[in-house]
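Numbering (my numbering), first residue to last: 9 to 365.
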């Protein structure tokens with residue numbers, strides 16, 4: 009686990025200087041100015057900075073979550089409810105997990121975990137650019153070589169994934185496929201280009217493709233004639249269920265390529281149903297979770313419950329105390345604030361849930 013954060017007091021930067029720095033850093037990666045312009049439009053001239061106490065609480069919570077999620081009993085419990093494909097485990101750990109916190113009067117509150125979070129490369133670029141246009145950032149970073157230090161961390165993550173997959177500490181990663189549905193149409197396609205440029209600058213052949221752009225031959229994964237060592241999976245079909253994911257599904261189950269993150273990673277860390285366990289003392293007790301870990305989890309994960317026919321009435325009555333979201337969704341799709349939820353929408357959602365069961 010690596011944490012990257014800036015603890016400064018500034019609230020704005022010089023946008024013109026920021027854009028100049030972004031263009032300079034993009035040119036270092038040998039990408040077109042048009043990419044720099046697109047990325048520059050994604051960046052704000054105002055920054056929100058957390059204090060050290062909140063950061064320390066977040067770090068402690070992330071470590072506590074890892075402690076529980078790596079427990080064999082916890083994994084057995086959640087995998088029993090997951091699709092069959094998730095029970096297959098590669099020796100990869102996943103990359104760029106995102107822990108989504110809301111800050112409030114009770115400190116940081118974890119509301120979601122993502123195993124394929126986007127934005128890390130763009131954030132690294134912004135940190136590097138901000139160093140030269142925001143004095144408090146420059147003072148905090150000092151002589152540190154940003155964003156190159158962060159780039160090196162990212163490269164090391166993928167190298168370690170490949171070596172873990174091969175069970176060989178010296179295995180050389182030669183090719184990566186960055187995979188997503190219709191990648192050129194994705195909002196974060198410029199980030200895919202940044203990763204591609206970074207990897208290729210360090211001698212790793214990198215292609216960007218949709219899942220159906222890959223093929224399998226002789227128990228290896230290919231893009232055209234290029235054999236793929238590692239697939240950086242940015243898709244949101246977390247269990248490779250669509251027919252267009254057949255190659256990814258077979259490659260994963262047969263270990264024809266390293267896939268990170270993968271269905272096992274999602275089932276263990278990102279399935280929202282897991283929050284029902286992590287926020288419940290009885291569940292944690294039954295798993296034998298240390299009391300000190302329990303206190304951290306219960307202090308920073310809001311009570312999470314699954315909607316059912318047994319609790320629908322009480323949840324409706326107390327709806328103003330809750331946010332409602334689909335267990336299999338991602339991002340902010342179909343999320344409802346309880347105090348904004350109408351009776352009509354509630355009935356439709358309940359009907360859909362009970363029909364699905």
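Using N, Cα and C, we set each Cβ at its ideal position, and we do this for glycine too.
With DSSP collapsed to three states, give me the class of residue 291.
Position 283 of the chain shown holds residue 291. In the structure shown, residue 291 sits in a helix (DSSP, three-state: H, G or I).
Taking DSSP's pairing of strands, which residues face residue 116 in a bridge?
Walking along the chain shown from the start, residue 116 turns up at place 108. Answer is 111.
Span separating the alpha-carbon of residue 313 from that of residue 75
Counting from one through the chain shown, the residue named residue 313 turns up at place 305. Counting from one through the chain shown, the residue named residue 75 turns up at place 67. Whole-angstrom Cα-Cα distance: 22 Å.
Residues that DSSP places opposite residue 344 in a beta bridge:
Sequence index remark: in the chain shown, residue 344 carries index 336 (1-based). DSSP output for residue 344 lists 332 as bridge partner(s).
Using a Cβ-Cβ cut-off of 7 Å (strictly less than) and excluding sequence neighbours within five positions of residue 137, which residues of its own chain qualify?
Your numbering for residue 137 matches position 129 in the chain shown. Excluding sequence neighbours, residue 137 sits near 26, 29, 30, 33.
Just the C-alpha distance for residue 315 and residue 323, rounded to the nearest angstrom, thanks.
Within the chain shown, the letter at position 307 stands for residue 315. Within the chain shown, the letter at position 315 stands for residue 323. The straight-line gap from Cα to Cα measures roughly 8 Å.
For residue 344, which option in 331, 223, 72, 80 has the closest C-alpha, if you only look at C-alpha atoms?
Position 336 of the chain shown, counted from the start, is the residue given in the question as residue 344. Of 331, 223, 72, 80, the residue nearest in Cα terms is 331.
DSSP three-state assignment for residue 251, whether helix, strand or coil
Along the chain shown, one-based indexing puts residue 251 at 243. Reduced to three states, the DSSP call for residue 251 is helix.
Hey, how far is the Cα of residue 63 from the Cα of residue 233?
If you number the chain shown from 1, residue 63 lands on position 55. If you number the chain shown from 1, residue 233 lands on position 225. Taking the straight line from one Cα to the other gives about 46 Å.
Under a Cβ-count criterion, where at least 16 other Cβ atoms within 10 Å of its own Cβ denotes burial, should residue 123 be classed as buried or exposed?
The residue given as residue 123 occupies position 115 in the chain shown. Per the 10 Å Cβ criterion, buried.
Which whole-angstrom value is the C-beta distance of residue 23 and residue 53, which I expect to be below 8 Å?
Numbered from its first residue, the chain shown carries residue 23 at position 15. Numbered from its first residue, the chain shown carries residue 53 at position 45. 4 Å between Cβ atoms; contact.
Rounded Cβ spacing between residue 125 and residue 104 (contact assumed at less than 8 Å):
Within the chain shown, numbered from 1, the residue matching residue 125 stands at position 117. Within the chain shown, numbered from 1, the residue matching residue 104 stands at position 96. Yes, residue 125 and residue 104 are in contact; Cβ-Cβ is about 5 Å, under 8 Å.
Distance check for residue 295 and residue 84, CA to CA, integer angstroms please.
Locating residue 84 in the chain shown gives position 76, counting from the first residue. Locating residue 295 in the chain shown gives position 287, counting from the first residue. About 11 Å.
Among the candidates 271, 355, 198, 247, whose CA atom is the shortest distance from the CA of residue 321?
Mapped onto the chain shown, residue 321 falls at position 313. Per the Cα distances, 355.
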